[in-house]
Every structure is written in C-alpha cells, then in structure tokens.
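Numbering (the numbering used here), first residue to last: 75 to 499. Backbone N, C-alpha and C fix where the C-beta goes; we use that ideal spot for every residue, glycine too. All of these numbers come straight from a predicted model, not from anything done at the bench. For reference, the structure discussed in these notes is given below.
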C-alpha cells in the first residue's frame with residue numbers, strides 16, 4: 075500500500091470506530107434517556123435512511139465534478155456537527171435535525187471513500203484494498219461498540235453526550251488525516267463521457283451490467299443486512315426463544331467470522347469469476363436461512379436452537395467476507411473513466427433503499443409468520459445465485475475475473491525473452 079491508501083484505510087477505521095460508539099445505543103438514547111418515546115426513536119432511525127436517499131443522488135455528481143476528497147471533507151464536518159448536536163439535543167425537533175445531518179454525512183462518506191480507493195488502486199490490487207476496507211470497518215464498529223458499551227450509563231444523559239462527542243472528535247480527526255491524502259488526479263466529468271448530470275445517469279442506466287448489478291445488490295442487502303437487527307433478531311426471540319445475550323453473541327460471531335475469514339478467502343476469490351463467487355454467497359446464505367429455520371421450527375433443545383442461531387450469523391459473515399473483495403471492485407470496473415463516483419453513489423443508493431425496506435418487511439414477518447419468513451428469505455438467497463449467474467453473462471472476461479488481465483500481461487511480457495532465448499539457441 076502507498077501512503078495515500080494507508081491514510082484512506084485509517085480513515086475507514088476511524089469513521090467505523092466513531093459510529094460503533096453510538097449506533098447500537100441510539101434507540102435507547104432517544105426513547106429512554108431523553109424520554110422522547112419509541113415513536114420518535116423510530117423516526118430518528120427512519121431519518122437516517124431518508125437523509126441518505128436524498129443526498130446520495132447529488133453526492134455522486136459532486137464527486138465526479140469536484141473529486142472525492144473535497145466531498146468527503148464536507149461530509150465529515152457535517153457528520154461531526156450532527157453527532158455533537160445529537161448528544162446535546164433534548165427536544166424531538168432538535169434530535170431529528172441532528173440525525174438528518176449525521177445520516178447525510180455518513181451516507182456521503184461511503185461513495186467518497188470508495189472512489190478514493192478506486193483512484194489509489196489498480197485492477198489487480200483493488201480486491202485486496204476493498205477487503206481491507208471491509209475488515210477495518212467491522213473491526214472499528216466492533217471495538218467502538220465494545221468500548222461504548224462500557225462508557226454508557228442509561229441513568230446519565232451526560233454519558234451519552236460523551237459518546238456523541240467522541241464520535242464527533244473521530245470525524246474531525248479523520249478530516250485532519252484525509253486532508254493530507256494526495257490521490258492520483260481522476261478525469262473531471264467534462265473530460266468523461268456524458269458531460270451533463272442527466273447524461274451521466276442516462277449512461278449509467280444504459281449499462282445493462284450495472285443495472286443488473288444494482289438489482290442483485292438490492293436483493294443482497296435486503297436479504298442479509300436488512301434483516302440483521304430487525305426480522306432475523308425478531309424471529310430468533312419469538313420463534314427460537316433466543317435471549318438478548320445470545321443475540322449479542324450471534325452478532326459477535328458474525329464479526330469474528332469476518333475478521334478471521336476475510337483474508338483467508340482472498341486467494342480463493344481472486345482466482346475465481348466474480349459472478350460465481352457471488353452465486354456461491356447465495357447458496358451459503360440459503361444454508362444459513364435453513365439453519366435458522368431449524369433453530370426456530372425444529373423443536374430442538376434450547377441449547378441446540380441457540381447454537382444453530384449463532385451459526386446462522388456466522389454463515390452470513392462468511393458470505394460477507396466473500397462479497398467485500400467482489401462487489402465494490404466490480405462497481406469500479408464497470409464505471410467509465412471519470413464516473414466512478416457516480417457509480418459508487420448509485421450503488422450506495424441501492425444499498426440504502428434495501429436497508430430501509432428490509433426491516434419494514436422483515437420485522438413484522440419474522441416476529442409473527444415464522445415459517446413463511448424462513449421460506450421467503452431462503453428463496454431470496456437462491457435468487458441471488460440466479461441473478462449472479464445472469465450477471466456473469468453481461469461481464470467481459472476481465473471484468474468477471476481480473477486475474478486474467480494479470481496473466482495476459484505476464485505472458486506478453488515473457489514473449490520477447492522467449493524469442494531472444496530461441497534466437498540465441
């Protein structure tokens with residue numbers, strides 16, 4: 075890694091660390107500590123999603139025109155102000171406005187950082203760069219949540235103010251770190267195809283492979299991340315009788331699997347077609363949902379049900395480890411020169427839509443209709459496999475398997491030496 079990439083990865087870790095301090099405790103803070111009730115707390119979570127959906131279409135255009143670094147710095151300052159004001163807010167209106175600022179800033183960080191990784195990497199190194207990003211994000215979230223859990227006290231609003239102040243400080247430290255990054259100059263939108271905003275979106279929607287990838291991404295995030303803290307946890311508590319401590323253990327197992335497996339699977343991923351890797355994730359997650367079905371519907375002992383439920387989250391983590399060096403690099407490789415920011419923002423928008431709809435659908439279904447819930451999301455997982463195979467038909471050989479480009483370069487590079495050897499003989 076070069077100096078720029080090291081700073082970008084430090085930035086990813088710091089932002090995730092700051093978010094880990096507050097995200098797990100946001101509902102408790104608004105509903106109980108500030109005494110604003112569950113409705114306001116639910117609205118705060120909804121505001122995060124709405125703010126992201128509003129700003130992301132504009133973020134992509136700004137990244138293309140201004141570059142990812144200025145956009146990232148503005149997003150970080152906005153998120154810092156939102157976090158600090160959220161820790162000081164006592165009224166519903168102030169909490170909602172602060173959450174909107176924090177959510178908007180947080181949403182824009184993702185495509186900006188992803189575009190910086192694209193600018194500082196090559197096709198050959200991009201998978202490892204995004205794998206490192208995902209690893210550090212999960213590690214930062216886990217460590218931040220662990221430390222935040224020891225600092226927080228539900229009887230003292232000041233302890234939550236401290237958490238949000240630390241989060242704001244992390245964002246400002248990140249501003250200082252990222253301001254020193256010098257990325258290679260990417261072409262401005264005037265130099266790239268599709269000079270107008272409408273033209274770039276029309277070009278994106280005309281890219282069949284990118285459209286299919288967005289559909290696939292929606293199903294992926296809807297069937298996995300959109301269920302973690304809503305439908306799947308509700309199903310575990312209601313159908314499998316999982317305790318809150320066991321639910322925490324399951325989430326920890328998910329993070330541990332990612333941390334342990336992330337770099338172990340890299341060589342496997344790099345040598346395979348991306349579409350086949352994504353298809354295998356669908357199969358793994360179908361098994362995960364089947365194991366979850368056994369936990370809640372199998373009439374087994376409580377210990378077996380708990381073990382099966384924890385295994386479900388671990389299997390999801392294995393799938394996530396396979397996806398991290400696959401999805402984001404593929405988005406970058408599908409983007410025309412100069413439009414990586416637009417494509418990253420579009421994919422982030424799809425992710426936010428899935429994360430907004432997933433809990434709304436999965437929560438009530440997982441809490442009450444247990445068997446239909448498992449069957450439906452098992453089918454969604456198998457649908458991932460089908461969509462991935464179809465996507466593979468739209469990709470070029472190098473887009474689907476970047477290692478082919480590297481092997482061709484090696485072959486071409488050796489040709490003159492072989493010819494010289496033959497001539498000398």
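In the DSSP annotation of this structure, the continuous segment of the alpha helix (DSSP H) that includes residue 241 starts and ends at 231 to 252. Shown here for residue 231: same chain residues with a beta carbon closer than 6 Å to its own, the five before and five after excluded, namely 107 in chain order. In this structure residue 202 touches residue 399 by the C-beta definition: roughly 7 Å separates them, less than 8 Å. Counting C-beta atoms within 10 angstroms of its own C-beta, residue 425 has 16 or more neighbours from the protein chains shown and is therefore classed as buried.
Ranking 169, 94 and 359 by CA distance to the CA of residue 450 puts 359 first. Excluding residues up to 5 positions away in sequence, 313, 444, 445 and 448 lie with their Cβ nearer than 8 Å to the Cβ of residue 371 in the same chain. Residue 416 is not a Cβ neighbour of residue 80, given a cutoff of 9 Å.
Here residue 132 is exposed, its C-beta having fewer than 16 other C-beta atoms within 10 Å. DSSP places residue 198 in the coil class of the three-state scheme, outside both helix and strand. CA-CA distance, residue 78 to residue 147, rounds to 15 Å. Taking each of 184, 192 and 141 in turn and checking the Cα distance to residue 127, the smallest one comes out for 184. Just so you know, the alpha carbons of residue 470 and residue 353 end up roughly 17 Å apart.
Comparing alpha carbon positions, the residue from 461, 109 and 165 closest to residue 229 is 109. Under the three-pair Cβ rule at 8 Å, the stretch 186 to 198 counts as touching the stretch 82 to 100. Annotated as proximal: residue 252 and residue 82, with beta-carbon spacing under 9 Å. Buried is the label assigned to residue 241, since at least 16 other Cβ atoms lie within 10 Å of its Cβ.
For residue 289, the secondary structure class from DSSP, reduced to helix, strand or coil, is helix.
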